[in-house]
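Going down the list, the protein sequences come from chains P and E. With my numbering, the residue at position 168 of the first sequence is 818, and numbering never jumps. With my numbering, the residue at position 40 of the second sequence is 690, and numbering never jumps.
2 protein chains.
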Amino acid sequence: MDVIVRKPLARRSHAERTAQAETKLVDAAVALIIERGIGGMTLKDVGELAGYSRAMAGWRYGSKASLCAYVVRAVGDEWIQALQQAVQDKVGLAAIHAATDAHYRFVRTDAARIRAFYLLWFDSIGPDLELKQVIVNIHARRQRDVEAWIKSGIAHGLIRADADVSGVAAQFCATIIGVVYQWLVTPTARHAIKALHEGLKQQMTRALIPLANAVSAPRLR
Amino acid sequence: MDVIVRKPLARRSHAERTAQAETKLVDAAVALIIERGIGGMTLKDVGELAGYSRAMAGWRYGSKASLCAYVVRAVGDEWIQALQQAVQDKVGLAAIHAATDAHYRFVRTDAARIRAFYLLWFDSIGPDLELKQVIVNIHARRQRDVEAWIKSGIAHGLIRADADVSGVAAQFCATIIGVVYQWLVTPTARHAIKALHEGLKQQMTRALIPLANAVSAPRLR
DNA sequence: TTCGAATTTTCTTGTTGCGAACAAGTAAAT
DNA sequence: ATTTACTTGTTCGCAACAAGAAAATTCGAA
Numbered sequence: 651m652d653v654i655v656r657k658p659l660a661r662r663s664h665a666e667r668t669a670q671a672e673t674k675l676v677d678a679a680v681a682l683i684i685e686r687g688i689g690g691m692t693l694k695d696v697g698e699l700a701g702y703s704r705a706m707a708g709w710r711y712g713s714k715a716s717l718c719a720y721v722v723r724a725v726g727d728e729w730i731q732a733l734q735q736a737v738q739d740k741v742g743l744a745a746i747h748a749a750t751d752a753h754y755r756f757v758r759t760d761a762a763r764i765r766a767f768y769l770l771w772f773d774s775i776g777p778d779l780e781l782k783q784v785i786v787n788i789h790a791r792r793q794r795d796v797e798a799w800i801k802s803g804i805a806h807g808l809i810r811a812d813a814d815v816s817g818v819a820a821q822f823c824a825t826i827i828g829v830v831y832q833w834l835v836t837p838t839a840r841h842a843i844k845a846l847h848e849g850l851k852q853q854m855t856r857a858l859i860p861l862a863n864a865v866s867a868p869r870l871r
Numbered sequence: 651m652d653v654i655v656r657k658p659l660a661r662r663s664h665a666e667r668t669a670q671a672e673t674k675l676v677d678a679a680v681a682l683i684i685e686r687g688i689g690g691m692t693l694k695d696v697g698e699l700a701g702y703s704r705a706m707a708g709w710r711y712g713s714k715a716s717l718c719a720y721v722v723r724a725v726g727d728e729w730i731q732a733l734q735q736a737v738q739d740k741v742g743l744a745a746i747h748a749a750t751d752a753h754y755r756f757v758r759t760d761a762a763r764i765r766a767f768y769l770l771w772f773d774s775i776g777p778d779l780e781l782k783q784v785i786v787n788i789h790a791r792r793q794r795d796v797e798a799w800i801k802s803g804i805a806h807g808l809i810r811a812d813a814d815v816s817g818v819a820a821q822f823c824a825t826i827i828g829v830v831y832q833w834l835v836t837p838t839a840r841h842a843i844k845a846l847h848e849g850l851k852q853q854m855t856r857a858l859i860p861l862a863n864a865v866s867a868p869r870l871r
């Protein structure tokens with residue numbers, strides 16, 4: 651009667667404990683950020699939702715800001731992986747289009763982590779220097795990738811040689827952020843989000859395609 | 651000796667008191683939002699910076715969220731005025747370019763109110779329904795304006811008749827937000843912000859100009 | 001019209017509850 | 001035993017509200 655069957659909590663190594671706590675806490679943080687926003691996510695609730703005490707999250711990460719920065723780093727790394735997987739060894743516009751399509755797919759599946767990631771991204775305009783630095787790094791990485799795709803396209807003769815590489819890359823990154831903002835505000839308007847991604851692809855095509863082909867650029871929709 | 655010269659606090663009417671309090675409180679809120687971010691802006695400091703007691707801001711607006719919504723409404727109205735002034739009765743691409751240039755000028759002067767306005771704008775991705783509603787309204791208004799400019803351009807034969815009006819307008823609005831995000835994160839990089847605005851103008855030109863003229867679209871920079 | 005309560009509106013001081021951050025302790029692994 | 005993982009206890013600051021003080025307005029007389 652009083653015998654309670656326990657899961658094999660057995661004997662976990664320190665490394666295991668740490669790793670398990672990490673994932674549980676991050677998952678809890680992501681869930682709470684999505685549910686209540688960043689301001690509504692409290693360290694107390696993160697700890698308790700993860701199955702620990704109220705102070706666990708605060709103890710582990712030192713501060714709410716550090717937890718946020720950690721989440722962005724963690725999800726950002728996954729993201730880089732997925733993007734590389736999608737682009738593979740494509741070059742030029744093909745790479746840009748593949749990256750844009752991949753972005754839309756991620757957003758479309760509305761994976762909780764992506765949503766929390768971008769919510770934190772937009773929070774980086776605040777005075778939190780730690781988070782801002784993480785975002786700046788990811789942003790710089792993204793822009794470098796786009797520049798590399800454009801340069802490779804030029805090298806292969808697929809992109810007009812006189813293209814403003816860093817300018818167009820900056821334009822791409824800025825627009826992606828604008829599109830993401832739209833998605834965060836109206837996550838249900840899938841068609842509109844899809845159209846914005848398609849528009850971005852077309853915008854890049856118009857900006858980068860060799861002049862001889864310019865007039866034959868496909869129309870939107 | 652004991653005679654103290656007082657400023658003419660005299661007798662202010664209720665309307666005057668209210669109006670003066672309103673401007674002082676909004677100015678204080680804007681200053682604090684810029685200095686410490688939205689999370690760092692406290693109702694206590696807003697009230698005291700405005701020359702009142704710690705509870706003044708809270709009493710006046712009911713809550714921090716309501717104060718934020720009020721600030722966005724107030725600055726948003728000024729903004730609409732200024733934009734109409736800049737566009738006047740222009741049509742088509744001329745209107746879009748004028749609006750974009752005006753946007754850059756506002757951002758370039760870095761008026762404190764504009765900065766606070768957009769900081770609050772990006773905060774609208776949070777769960778604050780009141781602020782979100784205000785932003786959604788401003789956004790809808792902006793998109794309608796752009797659509798009207800495009801339509802007027804089509805009517806005057808200055809824009810290709812088969813343009814996807816709402817699609818291109820959405821693209822414009824999304825990109826503006828992306829550009830603004832860049833500005834908020836790196837407000838010092840004026841050249842880059844200028845380039846993004848120019849890129850946006852060019853992007854709109856490419857998307858809307860009649861096909862016969864497409865190849866002669868000016869290059870960036 | 002003018003004076004002066006009574007009333008309404010504006011603003012302040014008092015209080016509560018909650019969260020972040022940290023301190024000091026307990027439990028678990030090495 | 002010693003280090004590492006985690007919990008309970010405490011402090012401080014802020015948002016939100018309550019109840020009171022001060023300023024303006026209304027209104028009924030003379």
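Cβ atoms here follow ideal geometry from the backbone N, Cα and C, with glycine treated the same way.
C-alpha distance - P/A678 paired with E/K740, whole-angstrom precision: Sequence index remark: in the first sequence, residue 678 of chain P carries index 28 (1-based). Sequence index remark: in the second sequence, residue 740 of chain E carries index 90 (1-based). Roughly 52 Å between the two C-alpha positions.
From P/A700, P/I827, P/I843, P/W709, residue whose alpha carbon lies closest to that of P/D773: Here residue 773 of chain P refers to the residue found at position 123 of the first sequence. Considering only alpha carbons, the answer is P/I827.
Cutoff 7 Å; reference P/H753; Cβ partners in own chain excluding five residues on either side: For the purposes of this step, residue 753 of chain P is taken as residue 103 along the first sequence, with counting starting at 1. Answer for P/H753: I826, H847, listed in chain order.
P/I788: first and last residue of the uninterrupted alpha helix (DSSP H) it sits in: In the first sequence, counting from the first residue as 1, residue 788 of chain P sits at position 138. 779 to 805 is the extent of the alpha helix (DSSP H) around P/I788.
CB contact below 9 Å: P/L758 versus chain E: Locating residue 758 of chain P in the first sequence gives position 108, counting from the first residue. Here the sequence assigns Arg to residue 758 of chain P, which means Leu is not the residue at that position. Taking Cβ atoms only, chain E never reaches closer than 9 Å to P/R758, which makes this a no.
Close beta carbons around E/G701, own chain, < 7 Å, minus the five adjacent residues each side: In the second sequence, residue 701 of chain E corresponds to position 51, counting from 1. Around E/G701: K674.
Opening and closing residue of the alpha helix (DSSP H) in which P/D695 lies: Position 45 of the first sequence, counting from 1, holds the residue named residue 695 of chain P. Here the alpha helix (DSSP H) through P/D695 covers 693 to 699.
Short Cβ contact (9 Å threshold) for P/A820 with E/Q853: Numbered from 1 along the first sequence, position 170 holds the residue referred to as residue 820 of chain P. Numbered from 1 along the second sequence, position 203 holds the residue referred to as residue 853 of chain E. Against a cut-off of 9 Å, the Cβ pair of E/Q853 and P/A820 comes out as no contact.
Beta carbon proximity, E/A749 to chain P, threshold 9 Å: The sequence position of residue 749 of chain E within the second sequence is 99, counting from 1. So, not an interface residue.
Assigned exposure category for E/K844 - 16 Cβ within 10 Å defines buried: Within the second sequence, the letter at position 194 stands for residue 844 of chain E. Result: exposed.
Proximal chain P residues relative to E/T647, where beta-carbon distance stays under 7 Å: Past the boundaries of the shown model lies residue 647 of chain E; chain E is included only from 651 to 871, so the question cannot be answered.
Contact test: P/W729 Cβ vs the ligand NAP heavy atom, cutoff 8 Å: No copy of the ligand NAP occurs in the structure displayed, which carries no ligand at all.
Member of P/M706, P/A761, P/R704, P/C823 whose CA lies at the smallest distance from the CA of P/A732: Your numbering for residue 732 of chain P matches position 82 in the first sequence. Nearest C-alpha to P/A732: P/A761.
Simplified DSSP state of E/K851, which is helix, strand or coil: Residue 851 of chain E sits at position 201 when you count from the first residue of the second sequence. The answer is helix: DSSP assigns E/K851 an H, G or I state.
Nearest residue (CA-CA) to E/R936, options E/T668, E/A681, E/A665, E/A857: Only positions 651 to 871 of chain E appear in the structure, and residue 936 of chain E is not among them; the question remains open.
Alpha helix (DSSP H) segments (min. 4 residues) lying fully within the stretch 707 to 774 of chain P: 714 to 737, 742 to 759, 762 to 773
Simplified DSSP state of E/S816, which is helix, strand or coil: For the purposes of this step, residue 816 of chain E is taken as residue 166 along the second sequence, with counting starting at 1. It is helical.
For P/L872, the three-state DSSP class (helix, strand or coil): A question about residue 872 of chain P goes unanswered here, because the residues of chain P that appear run from 651 up to 871.
Collapsed DSSP secondary structure at E/A705 in the structure displayed: The sequence position of residue 705 of chain E within the second sequence is 55, counting from 1. Three-state result, E/A705: coil.
Start-to-end residues for the alpha helix (DSSP H) that takes in E/T668: Taking the first residue of the second sequence as position 1, residue 668 of chain E is located at position 18. Per DSSP, E/T668 belongs to the alpha helix (DSSP H) from 664 to 690.
P/P777: contacting residues in chain E (beta-carbon distance under 7 Å): Numbered from its first residue, the first sequence carries residue 777 of chain P at position 127. Within 7 Å Cβ-Cβ: R686, G687, G690.
Proximity test, Cβ basis, 9 Å: P/H753 and chain E: Reading the first sequence from its first residue, position 103 is the one you call residue 753 of chain P. So no, P/H753 is outside the interface.
C-beta atoms of E/L858 and E/A813 nearer than 9 Å: Translated into the one-based positions of the second sequence, residue 858 of chain E becomes position 208. Translated into the one-based positions of the second sequence, residue 813 of chain E becomes position 163. Yes, the Cβ-Cβ distance between E/L858 and E/A813 is below 9 Å.
Below-9 Å beta-carbon distance, P/R856 vs any chain E residue: As a working note, residue 856 of chain P is residue 206 in the first sequence. With 9 Å as the cut-off, P/R856 counts as an interface residue toward chain E.
DSSP state of E/R661 mapped onto helix, strand, coil: Taking the second sequence and counting its residues from 1, the one referred to as residue 661 of chain E is at position 11. E/R661 falls in the coil class under three-state DSSP.
Contact set between the stretch 705 to 732 of chain P and chain E, restricted to residues whose Cβ is under 7 Å from the partner: none
Cα-Cα separation between P/I688 and P/L770, rounded to whole angstroms: Numbered from 1 along the first sequence, position 38 holds the residue referred to as residue 688 of chain P. Numbered from 1 along the first sequence, position 120 holds the residue referred to as residue 770 of chain P. The alpha-carbon atoms of P/I688 and P/L770 are separated by roughly 7 Å.
Simplified DSSP state of E/T825, which is helix, strand or coil: On the second sequence, residue 825 of chain E is found 175 positions in, with the first residue counted as 1. Reduced to three states, the DSSP call for E/T825 is helix.
Reduced DSSP category for P/A839 - H, G, I as helix; E, B as strand; rest coil: Residue mapping note: residue 839 of chain P aligns to position 189 of the first sequence, counting from 1. Looking at P/A839 - three-state DSSP - the assignment turns out to be coil, as it is neither helix nor strand.
Where P/R792 falls, given that 16 or more other Cβ within 10 Å makes a residue buried: To locate residue 792 of chain P, count along the first sequence from 1; it is residue 142. By the 10 Å Cβ count, P/R792 comes out buried.
Contacting residues, own chain, Cβ-Cβ under 6 Å from P/K714 (five flanking each side not counted): Taking the first residue of the first sequence as 1, we reach residue 714 of chain P at position 64. Cβ within range, chain order: L693.
Touch test, the stretch 775 to 786 of chain E against the stretch 717 to 734 of chain E, Cβ-Cβ under 8 Å, three pairs minimum: yes
P/Y768 versus P/V830: straight-line alpha-carbon distance, rounded: The residue labelled residue 768 of chain P in the question sits at position 118 within the first sequence. The residue labelled residue 830 of chain P in the question sits at position 180 within the first sequence. In a straight line, the C-alpha of P/Y768 is about 8 Å away from that of P/V830.
Burial state of P/H747 (16 or more Cβ within 10 Å): For the purposes of this step, residue 747 of chain P is identified with residue 97 of the first sequence, where counting begins at 1. Buried is the call here.
Contact list for the stretch 831 to 854 of chain E against chain P, Cβ threshold 7 Å: Y831, Q832, L834, V835, A842, A845, L846, G849, Q853
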